[in-house]
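Q: Taken in sequence, the protein lines are chains A and B. Residues in the first sequence are numbered from -14 upward in steps of one, following the numbering used here. Residues in the second sequence are numbered from -14 upward in steps of one, following the numbering used here. Cβ atoms here follow ideal geometry from the backbone N, Cα and C, with glycine treated the same way.
Protein chains: 2
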Amino acid sequence: MAVIKRLPKYHQCLGKLLRQDVERISSQELSQLLGFTASQIRQDLNNFGEFGQQGYGYNVESLYNEIAKILGLNTVHNMIIVGAGNLGQALANYEDFETHGFKILALFDVNPRLIGLKIRGIPILDADEMDYFINRNDIDIAVIAVPSDRAPKVVEILTKTSVKGIWNFSTAEISTGKNIIVENVHLIDSLFTLSYRMNEEKLEERILKQKMKKVLNR
Amino acid sequence: MAVIKRLPKYHQCLGKLLRQDVERISSQELSQLLGFTASQIRQDLNNFGEFGQQGYGYNVESLYNEIAKILGLNTVHNMIIVGAGNLGQALANYEDFETHGFKILALFDVNPRLIGLKIRGIPILDADEMDYFINRNDIDIAVIAVPSDRAPKVVEILTKTSVKGIWNFSTAEISTGKNIIVENVHLIDSLFTLSYRMNEEKLEERILKQKMKKVLNR
Chain A
-14 MAVIKRLPKY HQCLGKLLRQ DVERISSQEL SQLLGFTASQ IRQDLNNFGE
36 FGQQGYGYNV ESLYNEIAKI LGLNTVHNMI IVGAGNLGQA LANYEDFETH
86 GFKILALFDV NPRLIGLKIR GIPILDADEM DYFINRNDID IAVIAVPSDR
136 APKVVEILTK TSVKGIWNFS TAEISTGKNI IVENVHLIDS LFTLSYRMNE
186 EKLEERILKQ KMKKVLNR
Chain B
-14 MAVIKRLPKY HQCLGKLLRQ DVERISSQEL SQLLGFTASQ IRQDLNNFGE
36 FGQQGYGYNV ESLYNEIAKI LGLNTVHNMI IVGAGNLGQA LANYEDFETH
86 GFKILALFDV NPRLIGLKIR GIPILDADEM DYFINRNDID IAVIAVPSDR
136 APKVVEILTK TSVKGIWNFS TAEISTGKNI IVENVHLIDS LFTLSYRMNE
186 EKLEERILKQ KMKKVLNR
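Written out as structure tokens, the structure reads:
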């Protein structure tokens, strides 16, 4: 794995630590959280400047901010949400995205009863106007919040616009012919994580038993 | 990191490969995707049986299923969703959870206009009946889909029930006094991932420039 693949992992890990009010962290502790060796971590971060201090470790907040800068996260992304049903409206209500530089400019739907309404001041527009709106408003991310069977049609329209990224909440597997990056949200992965953690104690016993079985079978 | 922390990462990675219709994979390829060494991966999986074949690698589907069994994911979890607004309703509409053994038995809300309605046959019940319902129906996971300011009150009620896991979609930081596992969903992390990937080309140039700057400053 190249440093370019590890940087986002540092950023996410430091973001979590920040939310837990952790002030400083050593490369050893980061190593345990991330699964990379401490010397790999020190070497990666050394590429970009002198972040750590011998005997102190890293300041979580400043390292987080520096990596955000390196990753180019200090730019604003203009987004639209395609689909103004429950999911689209729920996403439009998240203020968190805007705080982090992802600005929702409009929602789009085919339902005449929704077109013209506003969510937190963000207008729901007619899906027919989508491509025109995207190209005129410098939109680079489209969020797909339509039912899975409608997703392919939406993607077909998006590939003809200036959109560079698709954030896909539908379960449809999306393929884009050209240079559009697709990030699929699989909520089930997060639910699995909860389930792993709930099972951890039982799992430790199970692993121990299986190890013993192997030893006995030798 | 212990094997117990790495197993879920294998499971998630293999799940992604399955969705991409990948049939088989070598420990070297897994190593590149996961960031653990190939020998670590072989050693971990060797703990549980003879999964791989020399020269062939691992069969993705059977390894995925075996790890699911080891992780105890072949049991059914009963869930409720607290909050039947846009987000709660959107989550209730995901059929994916049930397919993977997470069964939603009810939604709860305080809004009298919602109580009594059904989403995909799942009833919206009065929030006052929540603790009674949980204990009576063997619920082990509660999904928090209420506004952040209401989350603490909900958690207070949940800590007095048999719930073992909380899947938190609110931005409230939740602390549970007793043995409840909390998994926070931070959608912003997924949006960051999309953004990283959109920036990857630019980032490679930036890294190269900064490396050159360092060399020149020596």
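#1: Specify the secondary structure class of His85 of chain A as computed by DSSP and reduced to three states.
#2: Compute the Euclidean distance between the alpha carbons of Glu168 of chain A and Gly150 of chain A, then round it to the nearest angstrom.
#3: Given 8 Å as the limit, is there contact between the stretch 96 to 114 of chain A and the stretch 184 to 196 of chain B, that is, 3 or more CB pairs closer than that?
#4: Checking the sheet assignment: what are the DSSP bridge partners for Ile173 of chain B?
#5: Say whether chain A places a C-beta atom closer than 8 Å to the C-beta of Arg121 of chain B.
#6: Just the C-alpha distance for Ala130 of chain A and Val7 of chain A, rounded to the nearest angstrom, thanks.
#7: Classify Leu92 of chain A as helix, strand or coil using the three-state DSSP reduction.
#8: Assuming Val148 of chain A and Leu76 of chain A form a contact by the criterion Cβ under 8 Å, report the distance between their Cβ atoms to the nearest whole angstrom.
#9: Ile10 of chain B and Leu19 of chain B - do their beta-carbons sit closer together than 8 Å?
#10: Just curious, the alpha helix (DSSP H) that Gly0 of chain A is in, first and last residue?
#11: Do the stretch 70 to 87 of chain B and the stretch 134 to 141 of chain B touch if we need at least three Cβ pairs shorter than 8 Å?
#12: Should Val140 of chain A be listed as close to the ligand MN, given that the test is whether its C-beta is under 7 Å from any heavy atom?
#13: How far does the alpha helix (DSSP H) with Asn63 of chain B in it reach, from first residue to last?
#14: Grab me the residues of Gly162 of chain B's own chain with a C-beta within less than 8 Å of its C-beta, minus the 5 sequence neighbours each way, in chain order.
#15: I'd like to know whether the C-beta atoms of Leu56 of chain B and Tyr79 of chain A end up nearer to each other than 8 Å.
#16: Determine the DSSP secondary structure at Lys145 of chain B, reduced to helix, strand or coil.
#17: Drop a sphere of 10 angstroms on the beta-carbon of Gln28 of chain A, count the other beta-carbons inside from all chains shown, and report buried for 16 or more, exposed for fewer.
#18: Name the chain B residues that come within less than 7 Å of Gly57 of chain A, Cβ to Cβ?
#19: Based on DSSP bridge pairs, tell me the residues matched to Tyr43 of chain B.
#20: Using beta carbons (cut-off 8 Å, strictly below), is Pro(-7) of chain B in contact with chain A?
#21: At 7 Å on the CB atoms, spell out the chain B contacts of Tyr41 of chain A, in chain order.
#22: For a test of the three-state rule: what should DSSP assign to Glu186 of chain A, helix, strand or coil?
#23: Could you work out which residues of chain A lie near Tyr181 of chain B, taking near to mean beta carbons separated by less than 7 Å?
#24: Does Ala(-13) of chain B pass the burial test, meaning 16 or more other C-beta atoms within 10 Å, or should it be called exposed?
#25: Are Ile66 of chain B and Ile124 of chain B closer than 8 Å when you measure CB to CB?
#26: Give the C-beta separation of Thr60 of chain A and Gly37 of chain A to the nearest angstrom, bearing in mind that I take them to be a contact with Cβ-Cβ under 8 Å.
#27: Can you list the residues of chain B that Lys194 of chain A reaches, using a CB-CB cut of under 7 Å?
#28: Verify the CB distance criterion: does Gly150 of chain B have a CB-CB separation below 8 Å to chain A?
#29: Let me check one thing: in DSSP terms, what residues is Asn31 of chain A bridge-paired to?
#30: Assuming Asp125 of chain A is part of the alpha helix (DSSP H), what are its boundary residues?
#31: Compute the Euclidean distance between the alpha carbons of Leu(-1) of chain A and Ile142 of chain B, then round it to the nearest angstrom.
#32: Looking only at C-alpha atoms, which of A:Met115, A:Arg121, A:Asn122 sits nearest to Val139 of chain A?
#33: Can you say whether Asn153 of chain B is buried or exposed, counting buried as having 16 or more other CB atoms within 10 angstroms of its CB?
#34: In chain B, which residues lie less than 9 Å from Ile126 of chain A when you measure between Cβ atoms?
#35: If we count the other Cβ atoms within 10 Å of its Cβ and call it buried at 16 or more, is Tyr117 of chain B buried or exposed?
A: Taking the definition as stated:
#1: Coil at His85 of chain A, not helix or strand.
#2: Whole-angstrom Cα-Cα distance: 8 Å.
#3: With the cut-off at 8 Å, the stretch 96 to 114 of chain A and the stretch 184 to 196 of chain B do not touch.
#4: Bridge partners of Ile173 of chain B: none, in fact.
#5: For Arg121 of chain B, not one C-beta of chain A is nearer than 8 Å to its own C-beta.
#6: Roughly 35 Å between the two C-alpha positions.
#7: If DSSP states are grouped into helix, strand and coil, Leu92 of chain A belongs with the strands.
#8: The Cβ separation is near 17 Å, so there is no contact.
#9: No. Outside cutoff.
#10: Bounds of the alpha helix (DSSP H) holding Gly0 of chain A are -12 to 4.
#11: Flag = no, the stretch 70 to 87 of chain B and the stretch 134 to 141 of chain B do not touch.
#12: The ligand MN is absent from the structure shown, which contains no ligands of any kind.
#13: Per DSSP, Asn63 of chain B belongs to no alpha helix (DSSP H); it is in the beta strand (DSSP E), 62 to 67.
#14: So the list reads Thr144, once near-sequence residues are dropped.
#15: No; because the gap between Cβ atoms is not below 8 Å, this pair is not in contact.
#16: In the three-state DSSP reduction, Lys145 of chain B falls in the coil class, being neither helix nor strand.
#17: The Cβ neighbour count for Gln28 of chain A, taken over all protein chains shown within 10 Å, is under 16; the residue is labelled exposed.
#18: Neighbours of Gly57 of chain A on chain B, chain order: Asn184, Lys187, Leu188.
#19: For Tyr43 of chain B, DSSP records a beta bridge to B:Ile10.
#20: Closer than 8 Å to the CB of Pro(-7) of chain B there is at least one CB belonging to chain A.
#21: Residues of chain B passing the Cβ test: none, with the nearest at roughly 22 Å.
#22: Helix, per DSSP.
#23: Against chain A, the beta carbon of Tyr181 of chain B has neighbours under 7 Å at Pro(-7), Leu56, listed in chain order.
#24: Ala(-13) of chain B should be labelled exposed.
#25: No.
#26: Contact flag wrong, Cβ pair sits at about 27 Å.
#27: Residues of chain B passing the Cβ test: none, with the nearest at roughly 11 Å.
#28: Yes, its Cβ sits closer than 8 Å to a Cβ of chain A.
#29: In DSSP, Asn31 of chain A forms no bridge with anything.
#30: Here Asp125 of chain A belongs to no alpha helix (DSSP H), and DSSP marks it neither H nor E.
#31: In this model, Leu(-1) of chain A and Ile142 of chain B are separated by some 31 Å (Cα to Cα).
#32: Of the listed residues, the one whose Cα sits closest to Val139 of chain A is A:Met115.
#33: Asn153 of chain B is buried by the Cβ-count criterion.
#34: Ordered by position in chain B, the residues that pass the 9 Å Cβ test against Ile126 of chain A are Leu176, Leu179, Ser180, Met183.
#35: Classification for Tyr117 of chain B: exposed.
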